[in-house]
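Read the sequence shown against the numbering used here and you will find it ends at 208, with the numbers running on by one and no gaps.
The beta-carbon is built from N, C-alpha and C at its ideal position, and this holds for glycine as well.
For clarity, every value in this text was computed on a predicted model and none was experimentally measured.
In what follows, a single structure is set out as structure tokens and then discussed.
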Amino acid sequence: MYGFYGRILKVDLSTQLFNIITIDEKIYCKYLGGKGLASYLLYTLNPEGVDPLSPANCLIFATGPVTGSVIWGSSRYGVFTKSPQTGLYSESYSGGRVPEAIDSTGFDAIVIMGKRKKPAVLEVHPEGAVFHDAGDIWGMETYEAEDTVNQRFGITG
């Protein structure tokens with residue numbers, strides 16, 4: 052389907068393993084856009100009655116079909132999960148460089164589940180994901196941590 056890659060990256064923080072899931076085109080037709088896809092993933096991947104604060108509750112980052120295009124306002128992504136405040140579906144949206152970075156990996160969504168024992172940076176690329184130790188970053192102020200990560204991974208701009 053035009054605008055989608057047909058691939059989801061599912062990452063388990065507990066095991067440090069990932070798998071790439073191929074999504075059938077029928078799903079994209081039935082559940083429109085990044086929000087529809089994320090809603091479908093949350094419904095199918097979260098166990099029924101999952102505790103919102105448990106490692107089994109998925110955190111989903113999803114872009115839409117026009118992310119990365121020249122359409123004004125298209126550089127957006129959503130974060131979807133089961134809310135610990137309400138126990139219901141929760142979503143939040145943002146822009147900036149993150150949606151284009153997600154889009155450049157060739158994944159329509161990144162699903163995070165599980166719990167790490169130690170701080171890590173998750174590097175996502177078209178072939179999957181790599182965990183990097185982040186113990187030295189843990190506890191830094193936001194801007195210092197961002198600068199450290201950007202320098203470590205050669206991110207400019």
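Inset, instruction - Hey, could you find the ends of the alpha helix (DSSP H) residue 143 is sitting in? - result: In the DSSP annotation of this structure, residue 143 is not part of any alpha helix (DSSP H); the continuous beta strand (DSSP E) holding it starts and ends at 140–145.
Legend entry - Simplified DSSP assignment, three categories, for residue 113: Strand, per DSSP.
Inset, instruction - Drop a sphere of 10 angstroms on the beta-carbon of residue 206, count the other beta-carbons inside from all chains shown, and report buried for 16 or more, exposed for fewer. - result: Here residue 206 is exposed, its C-beta having fewer than 16 other C-beta atoms within 10 Å.
Inset, instruction - Using three-state DSSP, classify residue 127 as helix, strand or coil. - result: It is coil, neither helix nor strand.
Legend entry - Reference residue 56; option with closest CA among 62, 189 and 88: Measuring C-alpha to C-alpha distances from residue 56 to each of 62, 189 and 88 identifies 88 as the nearest.
Legend entry - Where residue 187 falls: helix, strand or coil (DSSP): In this structure, residue 187 counts as coil in the three-state DSSP scheme.
Legend entry - Beta-carbon proximity list for residue 118, same chain, < 8 Å, skipping 5 on both sides: The residues are 85, 125, 126, 127, 128, 150, 151, 153 and 154.
Inset, instruction - Give the DSSP bridge partners of residue 179, in chain order. - result: Under DSSP, the beta-bridge partners assigned to residue 179 are 176.
Legend entry - Start-to-end residues for the alpha helix (DSSP H) that takes in residue 96: From DSSP, the alpha helix (DSSP H) with residue 96 extends over 84–96.
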